[in-house]
Amino acid sequence: MANLHVESWSPDYGSPYESDAALAEPERVDETVEVPGKWEPISGVDDGISEVAFVDGVRRVDARLTLDEPGSPVPGLCGSYAVGAVLWNRSIPRSEVIEARVSRLAVFAAGKGAPIPVVSPELSYRSESVPDSDPAALITRFHGAMRRAEGELSEELAMAGRFVVSDGPINTMAATDKVGFIKSHRAPYLSAERSAVIARLGVAERTPLFLIGRGGTYERYSWYFRIAQLAGGHSWTGVVRGEVSAGLEKSRALTIAARTTAIIPAVASESHIDPRAPQNLVPIAALERELRRRLGDPGYVYRALRSAIMRTTPAGVT
Amino acid sequence: MPSQPANPNDPAVGRVLGTEHTSTSEFRVLLEEDEYLQLDDLVVVRTEVPKRGEVRTYGVVTESEAIFEGASFESDTRRIAGEGTMPGAKVRSARVAVTRVDPEIWVSPDPGEIVERATGIERDRALYVDEMGRPLPVGVGRDGSPMFVDLDFFDGRKGGHMSISGISGVATKTSFALFFLRLLSSRPDILGEGAANLRILVFNVKGEDLLWLDKPNRYFDDAAREQWQRLGVEPAPFPSVSFWAPPRTHSGDVVLPDTGGRQDNVAAFTWTPREFIDDGLLRFLFTDANDSRNQIPFIEERVRAQLRRYAVDVAGEPGAVVLRDPVEGHRPGDQVTPHPGETVIRDLRGLVDQLEEFVDPEDAEPERRWTGRTQAGTVSAFMRRLQAATHRLGHLVRAGESRRIDRAAAQVSVVAIQSLHDLGQRFVVGALLAETFAEKERTGQRLPLSVVVLDELNKYAPREGSSPLKEMLIDIAQRGRSLGVLLVGAQQTASRVAPEVMENAAIKVAGRLDAAEAERAEYGWMLPSTRARARLLKPGTMVISQPAIPVPLVVDFPFPPWATRKEEVDSTQADPFEGI
Numbered sequence: 039m040a041n042l043h044v045e046s047w048s049p050d051y052g053s054p055y056e057s058d059a060a061l062a063e064p065e066r067v068d069e070t071v072e073v074p075g076k077w078e079p080i081s082g083v084d085d086g087i088s089e090v091a092f093v094d095g096v097r098r099v100d101a102r103l104t105l106d107e108p109g110s111p112v113p114g115l116c117g118s119y120a121v122g123a124v125l126w127n128r129s130i131p132r133s134e135v136i137e138a139r140v141s142r143l144a145v146f147a148a149g150k151g152a153p154i155p156v157v158s159p160e161l162s163y164r165s166e167s168v169p170d171s172d173p174a175a176l177i178t179r180f181h182g183a184m185r186r187a188e189g190e191l192s193e194e195l196a197m198a199g200r201f202v203v204s205d206g207p208i209n210t211m212a213a214t215d216k217v218g219f220i221k222s223h224r225a226p227y228l229s230a231e232r233s234a235v236i237a238r239l240g241v242a243e244r245t246p247l248f249l250i251g252r253g254g255t256y257e258r259y260s261w262y263f264r265i266a267q268l269a270g271g272h273s274w275t276g277v278v279r280g281e282v283s284a285g286l287e288k289s290r291a292l293t294i295a296a297r298t299t300a301i302i303p304a305v306a307s308e309s310h311i312d313p314r315a316p317q318n319l320v321p322i323a324a325l326e327r328e329l330r331r332r333l334g335d336p337g338y339v340y341r342a343l344r345s346a347i348m349r350t351t352p353a354g355v356t
Numbered sequence: 004m005p006s007q008p009a010n011p012n013d014p015a016v017g018r019v020l021g022t023e024h025t026s027t028s029e030f031r032v033l034l035e036e037d038e039y040l041q042l043d044d045l046v047v048v049r050t051e052v053p054k055r056g057e058v059r060t061y062g063v064v065t066e067s068e069a070i071f072e073g074a075s076f077e078s079d080t081r082r083i084a085g086e087g088t089m090p091g092a093k094v095r096s097a098r099v100a101v102t103r104v105d106p107e108i109w110v111s112p113d114p115g116e117i118v119e120r121a122t123g124i125e126r127d128r129a130l131y132v133d134e135m136g137r138p139l140p141v142g143v144g145r146d147g148s149p150m151f152v153d154l155d156f157f158d159g160r161k162g163g164h165m166s167i168s169g170i171s172g173v174a175t176k177t178s179f180a181l182f183f184l185r186l187l188s189s190r191p192d193i194l195g196e197g198a199a200n201l202r203i204l205v206f207n208v209k210g211e212d213l214l215w216l217d218k219p220n221r222y223f224d225d226a227a228r229e230q231w232q233r234l235g236v237e238p239a240p241f242p243s244v245s246f247w248a249p250p251r252t253h254s255g256d257v258v259l260p261d262t263g264g265r266q267d268n269v270a271a272f273t274w275t276p277r278e279f280i281d282d283g284l285l286r287f288l289f290t291d292a293n294d295s296r297n298q299i300p301f302i303e304e305r306v307r308a309q310l311r312r313y314a315v316d317v318a319g320e321p322g323a324v325v326l327r328d329p330v331e332g333h334r335p336g337d338q339v340t341p342h343p344g345e346t347v348i349r350d351l352r353g354l355v356d357q358l359e360e361f362v363d364p365e366d367a368e369p370e371r372r373w374t375g376r377t378q379a380g381t382v383s384a385f386m387r388r389l390q391a392a393t394h395r396l397g398h399l400v401r402a403g404e405s406r407r408i409d410r411a412a413a414q415v416s417v418v419a420i421q422s423l424h425d426l427g428q429r430f431v432v433g434a435l436l437a438e439t440f441a442e443k444e445r446t447g448q449r450l451p452l453s454v455v456v457l458d459e460l461n462k463y464a465p466r467e468g469s470s471p472l473k474e475m476l477i478d479i480a481q482r483g484r485s486l487g488v489l490l491v492g493a494q495q496t497a498s499r500v501a502p503e504v505m506e507n508a509a510i511k512v513a514g515r516l517d518a519a520e521a522e523r524a525e526y527g528w529m530l531p532s533t534r535a536r537a538r539l540l541k542p543g544t545m546v547i548s549q550p551a552i553p554v555p556l557v558v559d560f561p562f563p564p565w566a567t568r569k570e571e572v573d574s575t576q577a578d579p580f581e582g583i
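These protein sequence lines are chains A and E, in that order.
Adding 38 to a residue's 1-based position in the first sequence gives its number in this note's numbering.
Adding 3 to a residue's 1-based position in the second sequence gives its number in this note's numbering.
Structure below.
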């Protein structure tokens with residue numbers, strides 16, 4: 039057993055890291071796939087679909103680790119993530135959490151690794167390593183694991199015939215009914231001329247479809263739509279972006295875009311309730327809350343982990 | 004790890020809630036989706052205690068609760084149940100007050116343990132029935148099974164007396180008292196030796212509700228019959244009742260009972276001047292709680308003693324007396340012929356007039372032998388009260404054959420005093436209580452038992468002030484238990500009754516209470532949840548507290564088989580005791 043230590047610093051220490059593989063570099067955009075000419079707002083169309091599954095994931099660093107190797111200490115982390123789904127049955131109407139999967143992962147830098155002692159059956163970590171020795175790479179790997187799990191769950195549900203709205207970009211390109219729901223706008227996809235239409239979007243109205251990443255791995259249809267109009271907001275207030283796999287027939291993509299545009303405003307949150315309103319959807323906020331709860335009490339997990347690791351590390355060695 | 008239920012299709016209803024601390028006094032139950040618990044349901048939890056083994060915790064449900072888990076804002080309710088856009092689970096739970104741990108290892112139940120409905124033997128354990136010396140059923144619980152009171156805590160063995168509180172108008176206090184006494188007298192198998200010669204004295208203070216205890220009720224139905232039978236009693240009116248009422252005023256020489264609806268089998272009662280003097284009933288003419296603040300008790304006491312010494316029977320006039328100085332040499336039991344001009348005392352008026360000549364004569368000094376050193380003002384006050392009493396209850400004292408109430412004539416004696424002025428009511432109650440208590444004091448025996456039912460106890464033993472009647476009630480409350488004199492007192496507001504009387508009642512009962520009244524310290528024996536409910540109790544539902552069980556029980560008692568109004572009397576049903 040190598041000398042493994044839990045850092046006494048709070049696991050939250052360190053800058054939050056956001057990773058979005060699709061944003062790596064500017065991609066080619068084709069603005070003419072639906073409307074080649076001048077763009078006007080298009081109303082969403084609710085086709086009356088009765089069930090919508092929302093998929094999301096949460097993650098938490100449980101503890102920062104140090105592996106005491108000859109030469110230099112190796113950083114690592116222990117983290118938990120959970121992915122899950124809420125099924126919104128619009129005909130009853132009721133929502134329920136239909137899936138919640140918790141995973142625990144330890145990541146070490148510099149290609150090193152050490153098994154994490156099993157604390158209890160509900161609290162055991164699988165161990166992985168990254169070649170990099172940059173601590174930020176640990177988070178990247180951890181975040182990636184969560185995103186993968188989200189993608190798998192979305193795909194599973196979509197394969198089972200459900201209409202899936204997943205938080206964040208889609209990351210599996212199978213031609214199924216799943217929509218990536220993107221709340222923040224970091225990359226400009228549209229030309230200035232075309233993006234002018236966004237300011238004119240009403241609630242439940244969208245832009246025409248455009249195609250991102252033609253010919254690349256992540257080829258997908260996308261559109262902007264407005265889910266809420268806030269008093270005093272700027273022109274992009276309440277505007278979100280949806281995307282679906284370009285593997286779908288264009289007509290199918292249009293149906294999904296129309297439907298999403300029409301029904302998502304019904305689950306937009308309100309600013310006095312959710313600081314990320316209106317983009318943070320009500321079912322997704324509730325799902326995140328539930329998933330965080332399922333990760334277990336952070337204080338309990340941290341202390342249990344710490345005492346389990348201390349028991350296996352020879353005394354007197356620091 | 005939580006244990007599994009022994010039998011899958013039975014009584015498990017949920018698990019002990021683990022999000023908050025359990026304690027030895029209270030815990031909560033998370034209910035299974037297809038189960039429920041309502042107020043007053045009894046439950047049991049088994050907890051494995053390290054080194055000691057299994058401990059069973061019994062309890063009674065005091066509150067039922069439900070919430071949407073996952074809702075953090077009030078408007079989330081609409082999102083969950085209305086729009087359905089937010090996931091949320093309905094969670095139902097129940098709050099349980101612990102009644103017992105068995106064996107007595109006082110540990111809290113473990114969270115996550117299975118909670119079962121307590122039925123059969125487990126129900127008996129939850130209610131301590133297995134430990135009761137003599138469990139008497141006193142109604143049914145919400146589950147339809149009997150609830151019990153340990154008679155050891157009523158008949159004086161370990162405790163005595165019962166106190167019943169509740170607002171008037173819902174007619175539950177007296178009804179419950181009579182129901183309890185009917186059970187008591189119908190179950191000699193449980194009451195035991197005390198059942199022989201059990202005597203019950205009941206005062207009818209309002210309406211004529213209690214004058215029909217021996218008549219069947221025409222509205223008594225099979226459902227009520229079934230309830231009575233569940234308590235082990237064949238429902239029937241009281242079999243042995245005597246009814247007593249004061250005589251009508253201004254009825255001349257004919258003594259007729261002063262009752263409205265009922266005349267048959269009601270006897271008029273009076274005391275003769277001789278009985279009045281021998282029993283020292285003079286003191287019960289001064290029962291106003293304010294009288295004790297002045298000197299009146301001193302002069303009353305002196306006059307009372309002097310009357311005993313002076314009174315001599317009159318030959319040929321039973322019950323009448325003349326007052327003669329003891330130096331004249333008469334002895335107890337002597338009968339004399341009145342001197343010419345000597346006043347023969349045949350009623351209260353005569354007595355008072357004669358006394359006035361002694362203590363407050365016109366144009367003469369009062370006789371110091373009668374007044375002592377009392378000031379003239381006090382003597383006048385004394386006389387004024389006597390005059391007022393003569394006016395209000397003079398008709399209760401008259402010479403002639405003895406018409407005192409014979410408490411041995413029947414098992415239940417109902418004394419109808421509703422037609423009397425307050426002063427007269429207090430006089431009769433005082434006289435009868437004194438008689439009952441004195442009788443038992445003489446024998447010093449607990450048996451036979453003598454039960455007294457007295458409504459509006461606050462009138463007789465008020466919290467403030469003092470009076471001979473109040474002192475006697477306190478005495479009964481404190482010593483009656485060992486002498487077999489048991490008080491079943493009822494009042495609207497326990498807070499207006501002398502605390503000494505309330506504190507000595509081992510069994511406390513409450514019907515519907517006024518909201519402000521329920522918050523008073525006198526009802527500290529109730530759980531907060533029970534207090535909240537006390538405002539809503541229906542007629543026929545009572546809360547009972549007894550020393551053997553640490554939480555109050557809520558019971559329903561059945562409709563009576565006897566009539567409580569003239570209109571209820573079932574005249575079609577032949578009176579089984581007619582002609583006996």
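Using N, Cα and C, we set each Cβ at its ideal position, and we do this for glycine too.
Keep in mind the model is a prediction, meaning the values are calculated, not measured.
Chain-order list of chain E residues neighbouring Ser-133(A): Arg-82, Ile-83, Glu-86, Gly-87, Thr-88, Met-89, Pro-90 and Gly-91, by C-beta distance under 9 angstroms. DSSP places Ala-121(E) in the coil class of the three-state scheme, outside both helix and strand. Spanning the alpha carbons of Val-282(A) and Gly-199(A) requires a straight line of approximately 15 angstroms. Counting along the chain, the unbroken beta strand (DSSP E) around Gln-494(E) starts and ends at 488 to 494. Contact between Val-48(E) and Leu-34(E) fails: their C-beta atoms lie close to 14 angstroms from each other, not under 8 angstroms. Beta-bridge annotation (DSSP): Met-165(E) is paired with Val-491(E) and Ile-510(E). Contacts with chain A at 7 angstroms (Cβ-Cβ) include Phe-76(E). A residue is called buried once 16 or more other Cβ atoms fall within 10 Å of its Cβ, and His-272(A), having fewer, is exposed. Following the DSSP letters along the chain, one finds Trp-373(E) inside the alpha helix (DSSP H) bounded by residues 371 to 374.
Counting along the chain, His-43(A) sits inside the beta strand (DSSP E) bounded by residues 41 to 44. Against chain E, the beta carbon of Trp-274(A) has no neighbour under 9 angstroms; the closest one sits roughly 24 angstroms away. DSSP places Tyr-119(A) inside the beta strand (DSSP E), whose first and last residues are 112 to 127. Within chain A, the residues Ala-324, Arg-327 and Glu-328 have their CB atoms less than 8 angstroms from the CB of Gly-73(E), given in chain order. Using a 10 angstroms sphere on the CB of Phe-157(E), the tally of other CB atoms reaches 16 or more, which defines it as buried. Annotation for Arg-137(E): Asp-153, Leu-154, Asp-155, Ile-193, Leu-194 and Gly-195 place their beta carbon closer than 8 angstroms to its own, counting only its chain and skipping 5 residues before and after. Using a CB distance cut-off of 7 angstroms, Val-124(A) counts as an interface residue toward chain E. Comparing alpha carbon positions, the residue from Glu-257(A), Gly-285(A), Thr-293(A) and Ser-133(A) closest to Pro-246(A) is Thr-293(A). Nearest in C-alpha terms to Asn-318(A), of all of Ala-225(A), Asp-172(A), Val-203(A) and Asp-335(A), is Val-203(A).
Using a Cβ-Cβ distance cut-off of 8 angstroms, the stretch 421 to 432 of chain E and the stretch 165 to 183 of chain E are not in contact, since fewer than three pairs of beta carbons, one from each stretch, lie closer than that value.
Counting C-beta atoms within 10 angstroms of its own C-beta, Ile-70(E) has fewer than 16 neighbours from the protein chains shown and is therefore classed as exposed. Interface criterion not met: the Cβ of Ile-294(A) is under 7 angstroms from no Cβ in chain E. If you look at Phe-151(E), you'll find it in the beta strand (DSSP E) that goes 149 to 153.
By the C-beta criterion, the stretch 466 to 483 of chain E is judged to be in contact with the stretch 496 to 512 of chain E, since at least 3 inter-stretch pairs fall below 8 angstroms. For Pro-321(A), the CB contacts under 7 angstroms within the same chain, skipping 5 residues up- and downstream, are Phe-92, Val-124, Trp-126, Ser-133 and Val-305 in chain order. For Val-282(A), no chain E residue has a Cβ inside 8 angstroms of its Cβ, as the nearest lies near 22 angstroms away. Ranked by how close their Cα comes to the Cα of Arg-286(E), the residues Asp-105(E), Ser-405(E), Val-431(E) and Ala-239(E) have Val-431(E) in first place. Counting only unbroken stretches of 3 or more residues, the beta strand (DSSP E) elements lying wholly within the stretch 43 to 80 of chain E are 45 to 52 and 56 to 72, in sequence order. With a contact defined as Cβ atoms closer than 8 angstroms, Arg-265(E) and Leu-214(E) qualify at about 5 angstroms. Closest option to Tyr-526(E), judged by alpha-carbon separation, among Phe-289(E), Asp-261(E), Pro-364(E) and Ser-548(E): Ser-548(E). Three or more Cβ pairs closer than 8 angstroms define a contact, and the stretch 172 to 190 of chain A falls short of that threshold against the stretch 20 to 35 of chain E.
Across the set Arg-314(A), Ile-311(A), Lys-288(A) and Arg-349(A), the C-alpha of Lys-288(A) shows the shortest separation from the C-alpha of Val-73(A). Taking a cut-off of 8 angstroms on C-beta distances, the stretch 320 to 333 of chain E touches the stretch 348 to 363 of chain E, as three or more cross pairs fall below it. Checking the DSSP bridge columns, you'll see Met-184(A) has no partner listed. The three-state reading of DSSP puts Arg-311(E) in helix, counting H, G and I together. Counting only Cβ-Cβ distances below 8 angstroms, Pro-321(A) has contacts in chain E at Thr-88, Met-89 and Pro-90, in chain order. Between the beta-carbon of Glu-66(E) and that of Glu-57(E) there is about 27 angstroms, and that puts the pair past the 8 angstroms contact cut.
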